[in-house]
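Report on the following structure.
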Amino acid sequence: MTVGKRTRKSIIAAVFAALCALAFGSLFCARTALAEDAPAKLSLTPVEVQNTDITYMCFDSPAFVYADVAGILVAGANSTVAVSAETEITANYALPADKVYRHAEHGDHAEYLIALDGGELKTLRGDAVNVFASDKKFTDFAVGGDKLYALAENSLTTLSLGAQGIDQTTAQTVELMSDELSSVHAEYVAVLDGTVYVTTDSAFGRRQDVCTVAENGKLTAKLRQSNEILSLAADGSVGNVYALTRDELAAYSVSTSGGLVKKHYVRGALFSVIHAYNGSVYALDSLNGVHKLSADLSSDRTLLAASSSAKGFFNTPTGVAVKNSALYIADSMNGRVAIYGRMAEYVGRQFISPVSVACDSRGAVYVAYEYDKIGVFDNGDFSADNERVIAVDSGAVKQIAVDYDGNIYILTDGGLYKSAGGSADKIEKIGTTNETHYKAITLSVGRETLYALTDNAVVKFKDNKTAVKVCDAPSDAVSIAVDIADNAFILAPDGITVYNGTTTKTVPLALNGEAYALGGKSGHIALCTVENEFVSHGDVIITDTVRHRIFKADGKTALGVKLIDDSYEVPDVAGNTDPEYYGEGLIRTAVRDADVYSLPMETRAVYTIKAGRNVIVPKYDLDETREYSLILIDDVENGKLVQGYVYKNALSEPLPYSSPPAPTGAIYNAATPIYKYPSRNAATVRDYSAVEQNVKFIMLDFVESYRDDYGYLWYRVSLDSKHEGYVLSINISTTDYEPIFIRPAYDAEIISYKNSKFAAGYKLQDGEYIKIAELPTGTKVEIVGAFDSSKRYTQVKYVDAERGTLTCYVETVYIEYEGINIVLIVAVIVIVVTVLLAAIIICRVMRNKKKRLEPDDEHDR
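Take the sequence shown: its position 371, counting from 1, is numbered 946 in my numbering, and each next residue is one higher.
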């Protein structure tokens, strides 16, 4: 029996839905509404991401896409839509079609359209529709030059095309014959350079061949044993024949012997029909989008998208999860996970039928796919190298959930299981009976209690063995969510049943003011604990699997969703001035990028800390949740201290404390503030906002060389025996250090003496040199006063980057002076004086000697 293309497309869509939908029984359970007032409808809003590079249109059950120089034709159940090259609708023809062709002899002026509709060939010229009279029921047609080739199940009819339409007088029909088959069943036809190709059943099992057709109708196989072919096309401009199967779209070239040789292919693309024209392949996907691929199939551009679709289209979405400021969607038939966080992202790798997604507060994403696999991906890296695979051997995985401790709850068609700590080796069954059929599972918000939906009830697990009934559930219910107050929200195709512990009400679904029902007995509900550009905190997220849509609705107002304890009050930790004692452990480091929330829950982030950044973590016990820590962090840009909550596992262990640089310190600057936390944006400790100069404090252990985000160094001091505070290093002197960080006029350097690594620094007290510091070899110093190498000690000055300026004495043998040595000056002076005196003496001696040698003139006379 021949199946029409629209019928085939419907069957494919139904198969897709059936494969991905969860099958549920039909046990009776009454849905009780509150008698006192009828609940309002839950108004749904689609979660969509419009791509500005794509034109969004709405087609009526499209079956074929055609392209030529004038643009695109999309043939559908009730009409054929013409779209220009600029992707604007130019005409809407009252011509239903399974396939369409536009005949234009004069440039882009369309003379008429040819359509295949229900096995009949029709032409549309102006408003007139003519039907080609034939007793054949055609399955496909193709045009080559001025010839039209109409294919029936076992025959091929050739017709000439003229300016007015099909010339019926030129019809020539040949019966298709094969030496290999007793009977021929042909389905698709394409023409390449005058050669006619058709698809036929193969003689080798449930396969298909692509054959050429001779003038007498004889078939010659050119491509053997292909998988079932869904569409066939050819493009003479590149010499390719294109075949679409369920597995791939492939391009074939013609070999010298006339056979078809595969040149290019693309797998995983969910196309339903193809058309080739002028170096491009046009394809219609299963969600009515129109694609344009390059001749070698290496590039794929979406030209037209369904008006209700998001980028890339959801195709049978089967589950969602919310965590880490993002909405995660298992987009099953698209083979991917969509992530709607700060922006819309789609994972780079392809999964085989992902059915469920979950994530933990560490940022790891868990994807259930390929029947029995759970892939665990850390740090947003979905590559195969970063995947940890958990194999499930207890049936096909239908849904997963992950708690704070990393335990994975796995619902399969064989039962409910738990993987302790996410270990593949520690998977055990939950529950005591094998007869219970679980439809869906969930973890309650905040408390993470495990709930399950059976055929007629909602149950809660007290442990891994005991399930306690909570309430009845509609027989057609498909999914469940539970808030922090243990209110249960049960999703059925036409509404949500809310159980608040005592009463039950049902709220119907509505879209654009009209009643709405899910497309089948499958779907998913989740409570939105995050807030970003796409969803809001308190939303109810609903997945309509069969209709390929994700909706959000105001859960707080319409359903009474509670995501935090009403009695909880946010403490003013940042603004509190009461003196306290924290002991060790105040400073931690972010081990990954993490959002900071105003509440111990995922609201819209008020700040984001980067991995490696230090944060202040006051000791504050949150009884109602294990997941979050209260932190303080400097907002440098806005000059304030941000108080908020982050996941505990985003933080390191407390940074270790070390001994202070000195036992005590004295306030160096007048009116020095003592802060409650090591931040200039923090509040000052009450009664310590302006401490006078020279007031001494005991120095306490603290993180070594701790600097805040402004680069300031901090010390921890004891205010009394019970309280602590924090002071900037520039405001306190420790021992003999002054908190002055001005660079001295270095004119000397500490050198090694007898292989030493440092020189001791001393202070002179009561005539005694007392060691107070160690100056490493290579330290630059400034000589105080004149340098005299003959003295045992020389006074120097240097700056410690942490503690400030120190003036001390160092043994002179450890100093290499770069200036003028006073000893040398004295020596030079002594030498010069000695030389001068010697010269004077010599001169006097010579003079006296000369006088003795001269004759006494008076005596001689």
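Every residue, glycine too, gets a C-beta built ideally from N, C-alpha and C.
Does the Cβ of residue i have 16 or more other Cβ atoms within 10 Å, making it buried, or fewer, making it exposed?
i	result
C1046	buried
D1295	exposed
Q974	buried
K1251	buried
L1412	exposed
D754	exposed
A885	Low confidence applies here, because A885 scores a pLDDT of 44, under 50, leaving its location unreliable and the question unanswered by this model.
A596	For A596, the predicted structure reports a pLDDT of 41, less than 50, and the residue's modelled location is therefore unreliable. A value from the coordinates is still provided. With 16 or more other Cβ atoms within 10 Å, it is buried.
A613	Low per-residue confidence applies at A613: pLDDT is 45, beneath 50, and the placement is therefore not dependable, though the value from the model is reported in the following sentence. Exposed, because fewer than 16 other Cβ atoms sit within 10 Å of the Cβ of A613.
M918	exposed
T831	exposed
C1103	buried
E1279	exposed
V1053	buried
L726	buried
G1130	buried
A1448	Because the chain spans 576 through 1436 in this model, residue 1448 falls outside it and cannot be assessed.
I1417	exposed
R1419	exposed
M576	With a pLDDT of only 38 at M576, under the threshold of 50, the placement of this residue in the model should not be trusted; the figure read from the coordinates follows. When all chains shown are included, M576 counts as exposed.
L723	buried
F603	Confidence in F603 is poor, its pLDDT being 31 and thus under 50, which makes the residue's placement unreliable; the coordinate value appears in the next sentence. F603 is exposed by the Cβ-count criterion.
Which two residues bound the contiguous alpha helix (DSSP H) that contains residue i?
i	result
T1132	G1130 to L1134
Between which two residues does the beta strand (DSSP E) carrying residue i extend?
i	result
I1191	N1189 to I1191
N667	I664 to Y668
N705	A703 to V706
H839	L835 to R842
C934	S931 to C934
E945	Run containing E945: none; DSSP gives neither H nor E here.
N899	Looking at the DSSP string, N899 is not in any beta strand (DSSP E), and its letter there is neither H nor E.
E1343	E1343 to P1351
Y1026	L1025 to T1029
K674	K674 to H678
V912	R911 to Y915
Y857	S855 to D860
S828	E823 to V829
C786	Q783 to V788
Can you check which of these residues, the options, is closest to residue i by C-alpha distance?
i	options	result
S1227	E1202, N1189, L1205 and K1194	N1189
L878	V640, D1311 and S636	V640
D956	G970, G938, D968 and K1271	G938
P892	R1419, K1424, K1346 and S1097	S1097
A1257	V1211, Y1232, L688 and P1229	V1211
I1117	K1131, L1093 and F1109	L1093
D860	A761, F889 and V836	F889
D1038	D1129, G1006, A1101 and T1259	G1006
Y638	A690, S618, E1343 and T665	For the sequence presented, residue 638 should be read as Ala rather than Tyr. Cα-wise, what sits closest to A638 is A690.
D643	S659, A650 and S636	S659
G1336	A1348, N1330 and Y1344	A1348
A995	V977, T1309, T1024 and V1020	V977
A1149	P1229, T1078 and T1259	T1259
V897	Y763, N1244, A1101 and A669	A1101
I965	Y984, V829, Y979 and N954	Y984
A615	A1133, Y1328 and A1265	A1133
I'd like to know if residue i contacts chain B, where contact means its C-beta is closer than 8 Å to some C-beta of that chain.
i	result
F957	The structure shown contains no chain B; it holds only a single protein chain.
I'd like the ranges of any beta strand (DSSP E) spanning at least 3 consecutive residues and lying wholly in the segment 687–767. Runs found: 687–692, 695–700, 703–706, 715–719, 722–726, 730–736, 741–750 and 761–767.
Within the chosen definition, does the segment 642–658 reach the segment 1149–1162 through at least 3 CB pairs nearer than 8 Å? no
In chain order, which alpha helix (DSSP H) runs of at least 4 residues are fully inside the segment 963–1022? none
Can you find at least 3 beta carbon pairs, one from the segment 1214–1225 and one from the segment 1287–1302, that sit closer than 8 Å? no
If we count Cβ pairs, one from each stretch, closer than 8 Å, do we get three or more for the segment 928–937 versus the segment 1136–1150? no
Could you say if the segment 1160–1175 and the segment 1070–1088 meet the contact criterion of at least three C-beta pairs nearer than 8 Å? no
Pick out the complete beta strand (DSSP E) segments inside the segment 1279–1311, 3 residues or longer, and give them in chain order. Runs of the beta strand (DSSP E) inside the segment 1279–1311: 1289–1293, 1299–1303 and 1307–1309.
Would the segment 1321–1330 count as touching the segment 1262–1281 if we require 3 or more Cβ pairs under 8 Å? no
Check whether the segment 760–779 and the segment 792–802 touch, using three or more Cβ-Cβ pairs below 8 Å as the test. yes
Is it true that the segment 1297–1307 meets the segment 1382–1391, where meeting means three or more beta-carbon pairs spaced less than 8 Å apart? At 8 Å Cβ cutoff, the stretches do not touch.
Any beta strand (DSSP E) of 3 or more consecutive residues that is wholly inside the segment 1358–1405: If only complete runs of 3 or more residues are kept, the segment 1358–1405 shows the beta strand (DSSP E) at 1368–1375, 1379–1386 and 1390–1392, in order along the chain.
For the segment 1349–1363 and the segment 1302–1317, state whether three or more C-beta atom pairs, one from each stretch, are separated by less than 8 Å. The segment 1349–1363 is not in contact with the segment 1302–1317.
Quick check for students: name the residue ranges of the beta strand (DSSP E) that lie wholly in the segment 1026–1071, counting only runs of 3 or more. Complete beta strand (DSSP E) runs here, min 3: 1032–1036, 1042–1047, 1054–1057 and 1063–1067.
Are three or more beta carbon pairs between the segment 1172–1190 and the segment 1236–1245 nearer than 8 Å? Taking 8 Å as the limit for Cβ pairs, the verdict is that the segment 1236–1245 does not touch the segment 1172–1190.
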